[in-house]
Amino acid sequence: MQDIKKALTARADAVEARLDALLPPISTPEGEVVEAMRYSALGGGKRLRPFLVMETAALFDVEDDYALEVAAALEMVHCYSLVHDDLPAMDDSDLRRGRETVHKKWDDATAILAGDGLLTEAFGVLADSKTHPDAEVRLKLITGLAAAAGSAGMVGGQMIDLSPNRANLDLKGITRLQDLKTGALICYACEAGAILGKATSEELKALRLYAKDIGLAFQIVDDLLDHEGTPEETGKPTGVDFDAGKATFVGQLGLNAARAKAEELICSAKSRLDIFAGKAQLLRDTATFVLERRS
Ligand code: GRG
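In numbering that gives the first Met the number 0, the protein residues as written are 0 to 294.
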């Protein structure tokens, strides 16, 4: 666990510096929204998605500078989703990454615009030739992110999460919801590394299956932390889904079976990487990290 934590921190520092450069503060009147974007994107978070982009790209010896642009763009989309998710119209949360949420620190309108700004900026970063010299690669990165973040991915999952039927979902329904809401961006993170690395279809398939397994395990662990974690550990309120009466993996399976399911998925995720042999060790360790995380 020590090595993976060190590797995560090193990648997170690089992503932080890149985000800082990509979102420079400005002093004109619209600078307030940039301040809110920077507040959301800088200074916190595990940076798991950027890490997955960079480590999957490393499997194919992609230059770190290219992978870092994609990692930063994806983190912008993730941060936008958190800012909007915390709004009163959605999860209505005051605490994120151990700090006041954007709409609490500013107001709802600024939070909406900050999220919109981050989402839009992300596609600008992917379209920039700094991200990759090959326009076809950039196009694949853009269409992939649009699919993962849009109504067939994260936005669709969030819609199901907010629907009146949410409380009555069965295990299949919860799995689909989470595949879209949380899994789609995690899957894109691994796909992006494969796109940058011009992976074979077999390699792409292996990474997609790995991502699907860790994405679901990530969500089950999120449910477990909602029950067993504390706001000090997670940096956000706990017991929220339970109090809201939402159907969750823990609610459906019970604590022990939910943990066993997460363990099984992590074991499966690691086996998906066999074709990459020793080169994928950090990605195997990442799977363990997803299972053991407390935040
Ligand atoms: C508003 C379109 C829209 C979507 C929101 C991702 C999301 C969809 C909502 C977040 C709510 C939530 C707590 C989901 C559970 C899993 C999850 C995505 C947790 C947050 O991701 P982490 O743990 O956060 O990677 P950090 O802060 O480490 O980046």
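Glycine included, every Cβ here is placed at the ideal spot set by N, Cα and C. In this text, all values refer to a predicted model and were calculated from it rather than measured experimentally.
What first and last residue would you give for the alpha helix (DSSP H) that runs through residue i?
i, result
"ILE141", "134 to 148"
"ILE219", "200 to 227"
"ARG175", "170 to 177"
"PHE241", "239 to 242"
"PHE288", "280 to 291"
"HIS77", "63 to 84"
"PRO163", "Element bounds for PRO163: n/a, residue is neither H nor E."
"GLY192", "183 to 195"
"ALA151", "From DSSP, ALA151 is part of no alpha helix (DSSP H); its letter is neither H nor E."
"ALA268", "254 to 270"
"THR233", "230 to 233"
Buried or exposed: where does residue i fall if 16 or more other Cβ atoms within 10 Å of its Cβ makes it buried?
i, result
"ILE173", "buried"
"GLY149", "exposed"
"GLU74", "buried"
"PRO49", "buried"
"ILE185", "buried"
"GLU190", "buried"
"THR130", "buried"
"ARG297", "Past the edges of the chain, shown from 0 to 294, lies residue 297, and the structure says nothing about it."
"THR199", "exposed"
May I ask you to list the residues that DSSP assigns as paired with residue i?
i, result
"ARG98", "ARG95"
Would DSSP call residue i helix, strand or coil?
i, result
"ARG46", "coil"
"GLU31", "helix"
"ASP90", "coil"
"THR130", "coil"
"SER26", "coil"
"GLY277", "helix"
"LEU51", "helix"
Is there contact here, the segment 190 to 197 with the segment 265 to 276, by at least three beta-carbon pairs under 8 Å?
no
Are the segment 199 to 217 and the segment 159 to 170 touching by the rule of at least three beta carbon pairs closer than 8 Å?
no
Would you check if the segment 105 to 113 and the segment 218 to 231 touch, i.e. whether three or more CB-CB distances between them fall below 8 Å?
no
Touching by the beta-carbon criterion (3+ pairs, under 8 Å), the segment 34 to 43 and the segment 55 to 64
no
Could you tell me whether the segment 69 to 77 touches the segment 127 to 145, using the rule of 3 or more Cβ pairs below 8 Å?
yes
Does the contact criterion of 3 or more C-beta pairs under 8 Å hold for the segment 236 to 249 versus the segment 22 to 29?
no
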